[in-house]
Structure formats: structure tokens, C-alpha cells
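Enquirer: Got a structure for you, questions after.
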Amino acid sequence: MESLDKRKKELLQKYWEGTTTLEEERELRSLSSGKEDGALGAYFGGIENISERSVDIDVEGLINKESGQSRRPMIIRMNRVLAYAAAVLLLVSAFFVFDRYQNEEPQIASEETFEDPELALEQTREALAFVAAKMNRGRTETVENVKKIEVLNDIIPK
Amino acid sequence: MKKLLLLIFMAASFGLNAQIDAISKYFDKYMDDQDFTVVYVSPKMFSLVSKLDIEDMDEEAKMLLKEIKGLRILTTDKDPMKYYNEAMKTFDVSEYESLMTVRDEGENVNILIKSSSEDTIEELLLLVGGDEFVMLSFLGNIDIDRISKLAEGMDVKGAQHLEKLNKE
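Quick note, the sequences are listed as chains S and X, same order.
Numbers in our numbering are just positions in the first sequence, counted from 1, shifted up by 5.
Numbers in our numbering are just positions in the second sequence, counted from 1, shifted up by 455.
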């Protein structure tokens, strides 16, 4: 009995120092499980129960369930929402840019040549006349060339 | 998906801006050059012009005037062919329809249009390279038939105006 107590004390000291092996801990639990061991018995009995209960919990399964099936799809869904939001934002921006250049005169940098609308009108008439002159010249050239072709058509025997 | 949308957005933005910027930059480049005569009439000025009581102008011409929203003219007689070729290279002529190309007596004339619909044009660009370089751009929502009719009615007057414009 005394030798058992001595052994228990020895094992306890090693246990509190954290130097016991698994074999020695099992031995200590078996030596301290009796009711006469009081608090120590309850302590080691408790440890025994915890270790028994913990076996029933599928910790790995829970982790997989939490991380693999629940959180990951949430992140993917958020990414998709952000992608759609970005796409909508880009399209809206593109619309505004397009609208701006449709309605706005883009040549802002240039300076107005005339301050008097009458002079601006006169210049515009001259510019239109210039375009008209060039267009008419092109027409005349075309008509003359067509006439030449017609002359050739008359010469060339059919 | 995101990359594709971004590319579409960028392409659309650049496409819209590029040509307008090219013309604007080309004009602005020579704005302060003493060798060039530069004319710019803004949309604001055209809104004032359209309110003028013009008596010596037929209705078609008046309507045409209301349709024009911007005018730019750039001319020089120094090294005209250099500037003509530079302009032809600067602008993406594939974006325009060629209304007329004339080569006669050492002068090249290109009339290019950008259509907004079947009957209207949003830009008319005239490039002339010969004794002088002329670049003329009309912006607006212009009825192409009106320009054509105006040209027919200005057959003689046009030549006179041309001389006047060249002198300035």
C-alpha cells in the first residue's frame, strides 16, 4: 500500500512537471480513480470522461463542413456580385462618355476667330462656296470624262 | 468576363475620341503657326449666326446654316503637299466615306464625309493639296442634299468666293 502511495506521489510529481509518458499517465489514472482520492480522483475521472466524450465529436468533419461547404461558396458569390457591379458600372460609364461626345462640342481648346456673328456668317458662306466650287469642279471632271468615254464608245465598233 | 468588358469599354471610348481628337489636335497644332491661316467658328457662335436676319440668302442656304454647328479652316501656301500628305496620314480616312476625289493640274481634292444617317452627315472634311494646302471641316447634322443644291447654285459665285478665301 505504501509502495503504491509512493509510486502515486512519484508519478504525480512527474505529471505536474509534465514529464510523464502516456503509460505512466494511464497508471496514475488507475491509481487515482478511487473515491478515497477525493479531488484528485474526480480530476482524473473527469479527464477520462472528457477524453471519452471527445472521441464522439467529429472535429475534422466539422472543420470541413464549416470551411469547405459554407464559407467558400459565399466568397464566390461575393466575387460574382462584385464582377456584375463592376460590369454595370463600366457600361454606365461608357454610356455617359458616349452621350457626352454625342452632345458636346469637343473642340474646346481652340479660340474663337470672330467675335462678331456677321463676320462668322460671312466666313461660313465663303467656306460653303469653297466646298461648292470644289464639288462642282469634281462634277465637271466627271461629266467631261463620261463624254470622252461616250466618244470612245462611238468610235469602238460594237 | 471583366477583362472583356473592360476591353469593350476602352475600345468604345478610344474609338469615339480618337478621330475627333485627331482633327482637333491637328488644327490646334498649327493654330499659332504664322505660316497658317486658321479659322474656328464654335457652336456657340453658330447659334448666334442662326439668329441673324439674313435677307440675301435663300431658304435652303439658311436651313443649311442652321444645321452647321462648327467650322474649322486651316490653310497655308508653304510646302502645301507636305501638309496635305501629313493630313492624309494623320486622319484615319477609313472612318470616312469618300464623297469626291479629284486630281487635276497638280491639285488633289478630297471631300470626305462621316454619315450620321442615310441623308445627313455629321462631318464634312475637305482636304486640298496643290498651290496651297486647305483643310476645312464642317460639323453638325447637315443634310447632304442641301450641300449638293448649294453647290449647284454657287457654280459661278463659288469661284469668286474661292479667290476671296485664297487672298485672306
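All C-beta atoms in this analysis are idealised placements derived from N, C-alpha and C, irrespective of residue type, glycine included.
Since the model is a prediction, treat every value here as computed from it, not as a measurement.
In this structure, does DSSP put Tyr551 of chain X in helix, strand or coil?
Expert: In the structure shown, Tyr551 of chain X sits in coil (DSSP, three-state: anything other than H, G, I, E or B).
Enquirer: For Tyr495 of chain X, go through chain C and note every residue whose CB falls closer than 7 angstroms to its CB, in chain order.
Expert: The displayed structure is made up of protein chains S and X, and chain C is not among them.
Enquirer: Please work out which residues of its chain come closer than 8 angstroms, Cβ to Cβ, to Glu587 of chain X, disregarding the five sequence neighbours upstream and downstream, and give them in chain order.
Expert: Cβ neighbours of Glu587 of chain X beyond the five flanking positions: Thr530, Thr531, Asp532, Pro535 and Asn621.
Enquirer: Could you tell me the alpha carbon to alpha carbon distance between Gly46 of chain S and Arg85 of chain S, rounded to whole angstroms?
Expert: Approximately 58 angstroms between the Cα atoms of the pair.
Enquirer: Along chain S, in chain order, which residues have C-beta atoms closer than 8 angstroms to that of Val504 of chain X?
Expert: What Val504 of chain X touches in chain S: Pro122, Ala125, Leu126 and Thr129.
Enquirer: What residues in the region 568-579 of chain X have a beta carbon less than 8 angstroms from any beta carbon of chain S?
Expert: So the close ones are Leu579.
Enquirer: Just checking: is the beta-carbon of Leu27 of chain S within a distance shorter than 9 angstroms of some beta-carbon in chain X?
Expert: Leu27 of chain S does not count as touching chain X.
Enquirer: On the three-state DSSP scale, how would you describe Ile528 of chain X?
Expert: Reduced to three states, the DSSP call for Ile528 of chain X is strand.
Enquirer: Are there 16 or more other CB atoms within 10 angstroms of the CB of Thr129 of chain S, so buried, or fewer, so exposed?
Expert: Label assigned to Thr129 of chain S: buried.
Enquirer: At a CB distance below 8 angstroms, what residues from the region 579-594 of chain X approach chain S? Give them in sequence order.
Expert: Here the close residues are Leu579, Leu581, Val583, Val589, Leu591, Phe593 and Leu594.
Enquirer: Tell me Tyr495 of chain X's beta-bridge partners as DSSP assigns them.
Expert: Partner(s): X:Arg527.
Enquirer: Answer yes or no: does any C-beta atom of chain X fall closer than 9 angstroms to that of Gly23 of chain S?
Expert: Closer than 9 angstroms: no.
Enquirer: Give a yes or no on whether the C-beta atoms belonging to Ser592 of chain X and Ile478 of chain X are separated by under 9 angstroms.
Expert: Yes, they are a contact pair.
Enquirer: Is the Cβ-Cβ distance between Arg601 of chain X and Leu507 of chain X less than 9 angstroms?
Expert: No, Cβ-Cβ distance for Arg601 of chain X and Leu507 of chain X is not below 9 angstroms.
Enquirer: Under 9 angstroms, Cβ to Cβ, is there at least one residue of chain X near Gly143 of chain S?
Expert: Yes, its Cβ sits closer than 9 angstroms to a Cβ of chain X.
Enquirer: Since Ala168 of chain S contacts Val496 of chain X with CB under 8 angstroms, what's their CB separation in whole angstroms?
Expert: Past the boundaries of the shown model lies residue 168 of chain S; chain S is included only from 6 to 163, so the question cannot be answered.
Enquirer: Tell me, to the nearest whole angstrom, how far the beta carbon of Val557 of chain X is from that of Val548 of chain X; I am working on the premise that it is less than 8 angstroms.
Expert: So it is not a contact: roughly 15 angstroms between Cβ atoms.
Enquirer: Look at the alpha carbon of Met543 of chain X and the alpha carbon of Ala516 of chain X, and state the distance between them as a whole number of angstroms.
Expert: Using only the alpha carbons, I get a separation of about 30 angstroms.
Enquirer: Going by DSSP in three states, Asp559 of chain X sits in which element: helix, strand or coil?
Expert: Three-state result, Asp559 of chain X: strand.
Enquirer: Out of curiosity, what's the CA-to-CA distance linking Leu567 of chain X and Gly584 of chain X?
Expert: Roughly 14 angstroms separates the two Cα atoms.
Enquirer: Under 8 angstroms by Cβ, that's how I've got Tyr551 of chain X and Leu580 of chain X pegged, so tell me the actual separation to the nearest angstrom.
Expert: Their Cβ separation, rounded to whole angstroms, is 6 angstroms, which keeps Tyr551 of chain X and Leu580 of chain X in contact under 8 angstroms.
Enquirer: Looking at chain X, is there any beta carbon in it that lies within less than 9 angstroms of the beta carbon of Val86 of chain S?
Expert: Taking Cβ atoms only, chain X never reaches closer than 9 angstroms to Val86 of chain S, which makes this a no.
Enquirer: Residues bridged to Val564 of chain X by DSSP?
Expert: For Val564 of chain X, which the question treats as bridged, DSSP gives the partners X:Val557 and X:Val583.
Enquirer: Would you kindly work out how many angstroms separate the C-alpha atoms of Ala92 of chain S and Glu127 of chain S, rounded to a whole number?
Expert: Near 49 angstroms, if we compare the C-alpha coordinates of Glu127 of chain S and Ala92 of chain S.
Enquirer: What residues are listed by DSSP as bridge partners for Phe49 of chain S?
Expert: Paired residue(s): none; Phe49 of chain S is not in a bridge.
Enquirer: From the DSSP output, read off the bridge partner residues of Gly143 of chain S.
Expert: DSSP output for Gly143 of chain S lists no bridge partner at all.
Enquirer: Check the Cβ-Cβ distances between Leu133 of chain S and every residue of chain X, and say whether any is below 9 angstroms.
Expert: With 9 angstroms as the cut-off, Leu133 of chain S counts as an interface residue toward chain X.
Enquirer: Quick check on Glu123 of chain S: does DSSP put it in helix, strand or coil?
Expert: Glu123 of chain S: helix per DSSP, three-state reduction.
Enquirer: Which stretch, first to last residue, makes up the beta strand (DSSP E) that contains Met590 of chain X?
Expert: Looking at the DSSP string, the run of the beta strand (DSSP E) that includes Met590 of chain X is Phe588 to Asp598.
Enquirer: Could you tell me whether the Cβ atoms of Glu117 of chain S and Lys499 of chain X are closer together than 9 angstroms?
Expert: Taking 9 angstroms as the Cβ cut-off, Glu117 of chain S and Lys499 of chain X qualify as a contacting pair.
Enquirer: May I ask whether a heavy atom of the ligand COA can be found less than 8 angstroms away from the beta carbon of Leu45 of chain S?
Expert: As far as ligands go, the structure on display features none, and thus does not contain the ligand COA.
Enquirer: Within 10 angstroms of its Cβ, does Leu526 of chain X collect 16 or more other Cβ (buried), or is it exposed?
Expert: By the neighbour-count rule (16 or more Cβ atoms within 10 Å), Leu526 of chain X is buried.
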